[in-house]
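Our numbering numbers the first residue of the sequence shown as 213 and each following residue consecutively. Built from N, CA and C at the ideal position, the CB exists for glycine as well. All values reported here derive from a predicted model rather than from experimental measurement.
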Amino acid sequence: MSCNQARAQADTPVGQYPLVLEVYLNGRFSPQLWEFVLLPDGRIAITPEKLQRLGFDLEALGVSTEQTLVVLGELPGVRFRYIENQQSIEIEAVDEDMVPVQLDAASAPVPIDPDKVEQNLGVMLNYSFFGDFTKGGADISTQYELRLLSPFGVLTSTGFGILASSGLTPTGHVRLETYWRYVDARSAIAFSAGDVIAAGGELGNLYRLGGLQVQRDFGSRPDLVTHALPILSGTAAVPSTVDLYINGMRYFTGQTGRGPFEFRSLPNVGGGATATVVLTDATGRETRIQQPIFFAPSLLPRGMLDFSVEAGFPRFAFGVRSLDYLKEPAASGSIRYGLTDWLTVRAHAEGMKEFGNGSAGATFRIGGIGTISGEFAASTYRGNVSTRYSIEVEGHIGGVNFYAGRERTQRNYQDVVRETDRLARLGRANQPDPDIPVPSGGSAGSPLLVAFSSKVDRAGASFSLFDTGVSLNYTRLRLSNDDAKIASASLSRTLFGRVSIWANGFKDLGERDDYGAFVGLSLALGKRITASSSYSKTNHSELVSARVWRDPEGTVGSWGWSLAATEPLGGDLQSHRSATVRYHAGFATLEGGLQQDGGDLRATAYVEGSIVGMGGGVFLSPRIDDSFAVVTGAGADTPVLSNTRLATQTDSSGRALVPFLSSFQENLVSIDPINLPVDLRPARTEAVVIPGDRAGVVIDYGVEKLAAAIVILVDSAGEVLPVGSVVTLEGSSEPAVVGFDGRAYLTGLAPHNSVQVQRPDAPDCAASFDFTPVEGEQILIGPLTCR
Numbered sequence: 213m214s215c216n217q218a219r220a221q222a223d224t225p226v227g228q229y230p231l232v233l234e235v236y237l238n239g240r241f242s243p244q245l246w247e248f249v250l251l252p253d254g255r256i257a258i259t260p261e262k263l264q265r266l267g268f269d270l271e272a273l274g275v276s277t278e279q280t281l282v283v284l285g286e287l288p289g290v291r292f293r294y295i296e297n298q299q300s301i302e303i304e305a306v307d308e309d310m311v312p313v314q315l316d317a318a319s320a321p322v323p324i325d326p327d328k329v330e331q332n333l334g335v336m337l338n339y340s341f342f343g344d345f346t347k348g349g350a351d352i353s354t355q356y357e358l359r360l361l362s363p364f365g366v367l368t369s370t371g372f373g374i375l376a377s378s379g380l381t382p383t384g385h386v387r388l389e390t391y392w393r394y395v396d397a398r399s400a401i402a403f404s405a406g407d408v409i410a411a412g413g414e415l416g417n418l419y420r421l422g423g424l425q426v427q428r429d430f431g432s433r434p435d436l437v438t439h440a441l442p443i444l445s446g447t448a449a450v451p452s453t454v455d456l457y458i459n460g461m462r463y464f465t466g467q468t469g470r471g472p473f474e475f476r477s478l479p480n481v482g483g484g485a486t487a488t489v490v491l492t493d494a495t496g497r498e499t500r501i502q503q504p505i506f507f508a509p510s511l512l513p514r515g516m517l518d519f520s521v522e523a524g525f526p527r528f529a530f531g532v533r534s535l536d537y538l539k540e541p542a543a544s545g546s547i548r549y550g551l552t553d554w555l556t557v558r559a560h561a562e563g564m565k566e567f568g569n570g571s572a573g574a575t576f577r578i579g580g581i582g583t584i585s586g587e588f589a590a591s592t593y594r595g596n597v598s599t600r601y602s603i604e605v606e607g608h609i610g611g612v613n614f615y616a617g618r619e620r621t622q623r624n625y626q627d628v629v630r631e632t633d634r635l636a637r638l639g640r641a642n643q644p645d646p647d648i649p650v651p652s653g654g655s656a657g658s659p660l661l662v663a664f665s666s667k668v669d670r671a672g673a674s675f676s677l678f679d680t681g682v683s684l685n686y687t688r689l690r691l692s693n694d695d696a697k698i699a700s701a702s703l704s705r706t707l708f709g710r711v712s713i714w715a716n717g718f719k720d721l722g723e724r725d726d727y728g729a730f731v732g733l734s735l736a737l738g739k740r741i742t743a744s745s746s747y748s749k750t751n752h753s754e755l756v757s758a759r760v761w762r763d764p765e766g767t768v769g770s771w772g773w774s775l776a777a778t779e780p781l782g783g784d785l786q787s788h789r790s791a792t793v794r795y796h797a798g799f800a801t802l803e804g805g806l807q808q809d810g811g812d813l814r815a816t817a818y819v820e821g822s823i824v825g826m827g828g829g830v831f832l833s834p835r836i837d838d839s840f841a842v843v844t845g846a847g848a849d850t851p852v853l854s855n856t857r858l859a860t861q862t863d864s865s866g867r868a869l870v871p872f873l874s875s876f877q878e879n880l881v882s883i884d885p886i887n888l889p890v891d892l893r894p895a896r897t898e899a900v901v902i903p904g905d906r907a908g909v910v911i912d913y914g915v916e917k918l919a920a921a922i923v924i925l926v927d928s929a930g931e932v933l934p935v936g937s938v939v940t941l942e943g944s945s946e947p948a949v950v951g952f953d954g955r956a957y958l959t960g961l962a963p964h965n966s967v968q969v970q971r972p973d974a975p976d977c978a979a980s981f982d983f984t985p986v987e988g989e990q991i992l993i994g995p996l997t998c999r
């Protein structure tokens, strides 16, 4: 009897015999052993939990998890053969009894442990300075983002300032946002206070307010699948090799046994695609399965909830004034819920003193073809009830991605954006301020016009024709005093793998009668150098332009440059020339340039970077938008790697800043102790950290001085002790082993030391010696006679 069987038998009722067997399920060998039970009447049974782990669908089999044992011979559609002399069992089951094998499980997001999310105390300043120098003077502008970091969230303040001597722009400072934000990774919920952006629902518009907000933050859980991805399934009649192609590009190659399989982590290619599964059996025979699939980011997986709730005082004149808030409060709430993988429902409500607004809608997946979405909203304003509705269809048929939508808004329809604009206009009329812009018209199709249009119609299609990308679009916007009807088309194609050509144009078929046409090409010259040229003509201007540039690699020490020229052929525009050089230093990004506009010449300079205070040090870095780590206790001049790539080197105090880590994801930060003196040793050489939202993490590698030496041991005859002898230092529980030439490496030494040695073929012996450390050197002691 095997050990596994003996352990199993101890837990098996009398009369039942445990079996630990190899399993062949539908012709495919399972790499692990499985435990079954041989009943007194000769029947073979298994627990429901193990049956489910084998891949069986308990619900389809009518098996309850409350059952103690399940008899294999009583399962519908299941046949088996027990081979006693081989201690194996062959099981055959119909597809309906099996849970499909997920072949792309390795592509699923890697789960994170929310309890391991870290965020330490610190401060960080992102800054940029831009200087514009002309013969009329100099204008200096700066932008900043100040973060106060703590385990309880991040307090952020942003703004910009201008110091002008040219007279072209006013000198001053404008605060943009100030807010505290904490993200709980376990629940994926963010709590914010201060300047926040509120969701306006599908029919509303985003708006800014000063107040409180609680919302779902799926960004804090990248391991969660937050979109209802299409599922591709099939069945293999025999064990086969599986190849999956999406739009002709191979995505997966693997093996499957006989039975159902599926892909649940398909790459989001946007819109529609054609998936082709090729099954190849042992004889080389191929079977092809082709299926349309459609990616709809607005669909939530079944059972997933998304929401946002906020209340406060709406803000206006953002970017112009620092503290312009309405005195009237506003509140809003949005919710989305995945009823199924093909149906997501949503609702939204918002209101202020004089109005209330509510909406409801849904998005429905139409097989692998596309989606249809609908939304209806109603508002009450000063006793008037007005409505707004929209319907939109998007899909993919016959290689063509298409969309079409209609939106209608009744007069007096009100939401927070409209009411904020009305009250802000009223305040500006009573107290005019020329620095605060009043929203007026804009280019047709601009977000401002769309937000305030009473009628919006959209339609478009994109497809490939003779290896040329084609896109056609039409938009109609109806305002109280304007009717814009914009038709546009674009073409793009790549030639010889290095040349890209494109052309697009638009025409306003409405009252504005605007038009434009643009053509151009770009050529990849190699060594990150690209050249491009274009021609454009509108009803206001006609231009030709050319540009050649080199993209920097983005790593420390990389650089790039750009040369550009634009020449007007008509209209009132001026010619333009520019030359720019950009350098990525270890402490910041630097850029300088010269520009000529007509007869005016100007020089520009730009500096962008971050200053971080954390872990007992202050560090300079290129701009950090996400998270970072501060390494301490790593020894001087030690290379530091981020996700196996060299990131930086520690300073003389053993500290270093590691920028560009990813929040809420595992980041591997390691050190290379190659430069450490022999008398220093780190407690660890790598750490996996999960920073919180835009957080900083301190990683202490615990480098400490060693009281260590190499001791040469000989016997009373002067012969070195044999390899493998065990040396134990008095007062230490960690033995050392004698290597070649009688050498043993001992740590934890004191000024006076005694050792006991166990020899393989001789009696034990002992020796004593004194130890005096020398900084930065390996101490060699001996030969010592072991008696």
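DSSP state of residue i mapped onto helix, strand, coil
i: GLN467; result: strand
i: ILE443; result: coil
i: PHE345; result: strand
i: GLN626; result: coil
i: ALA272; result: helix
i: ASN965; result: strand
i: ALA317; result: helix
i: ASN887; result: helix
i: THR959; result: coil
i: LEU635; result: helix
i: SER432; result: helix
i: LEU415; result: coil
i: ASN332; result: coil
i: ASP351; result: strand
i: ASP327; result: helix
i: ASN216; result: For ASN216, the pLDDT reaches just 40, beneath the cut-off of 50, and the residue's location in the model is therefore unreliable, leaving the point undetermined.
i: GLU261; result: helix
Beta-bridge pairing of residue i - partner residues as DSSP gives them
i: ALA616; result: VAL605, ALA671
i: ASP455; result: THR465, VAL490
i: LEU992; result: ILE922
i: VAL386; result: PHE372
i: THR997; result: VAL926
Cα-Cα separation, residue i to residue j
i: ASP253; j: ASP493; result: 40 Å
i: CYS333; j: ARG393; result: At residue 333 the sequence reads Leu, which differs from the Cys that was named. When rounded, the distance between both Cα atoms is 15 Å.
i: GLY483; j: TRP554; result: 15 Å
i: ALA791; j: VAL489; result: 51 Å
i: LEU806; j: GLY821; result: 22 Å
i: THR750; j: ASP726; result: 7 Å
i: LEU888; j: GLN299; result: 56 Å
i: PHE530; j: ASP407; result: 11 Å
i: PHE473; j: GLY524; result: 51 Å
i: GLU165; j: LYS262; result: The requested residue 165 is not part of the displayed model; the chain covers only 213 to 999.
i: PHE341; j: VAL366; result: 24 Å
i: SER165; j: GLY804; result: Residue 165 lies beyond the range of the chain shown here (213 to 999); nothing can be said about it.
i: ILE443; j: VAL437; result: 13 Å
i: LEU813; j: ARG476; result: 58 Å
i: ARG514; j: ILE603; result: 23 Å
i: LYS917; j: SER945; result: 19 Å
Proximity test, residue i beta-carbon vs the ligand HEM heavy atom, cut-off 8 Å
i: VAL450; result: Of the ligands one can find in the structure shown there are none, so the ligand HEM has no counterpart to examine.
**Request:** For the region 765–793, list the beta strand (DSSP E) runs that are entirely contained and at least 3 residues long, ordered along the chain.
**Result:** 771–782
**Prompt:** Does the region 315–324 touch the region 267–286, meaning 3 or more C-beta pairs lie closer than 8 Å?
**Reply:** no
**Request:** Could you name each continuous beta strand (DSSP E) segment of 3 residues or more that falls completely within the region 785–848, going from the start of the chain to the end?
**Result:** 788–796, 801–809, 812–826, 829–833, 839–844
**Message:** Could you tell me which whole beta strand (DSSP E) segments of length 3 or greater appear in the region 855–884?
**Reply:** 857–861, 868–873, 879–883
**Asked** Okay, do the region 554–568 and the region 413–423 touch, 3+ Cβ pairs below 8 Å being the bar?
**Response** yes
**Request:** Please determine if the region 617–632 and the region 586–594 are in contact, where contact requires at least 3 C-beta pairs separated by less than 8 Å.
**Result:** yes
**Item:** Cβ contact (3+ pairs, closer than 8 Å) linking the region 898–908 and the region 944–961
**Value:** no
**Message:** Would you call the region 775–787 in contact with the region 742–758, where contact means no fewer than 3 C-beta pairs closer than 8 Å?
**Reply:** yes
**the region 325–332 / the region 902–914 touching (three or more Cβ pairs under 8 Å)** = yes
**Message:** Across the region 460–472 and the region 572–579, are there enough close Cβ pairs to call them in contact, namely three or more that are closer than 8 Å?
**Reply:** no
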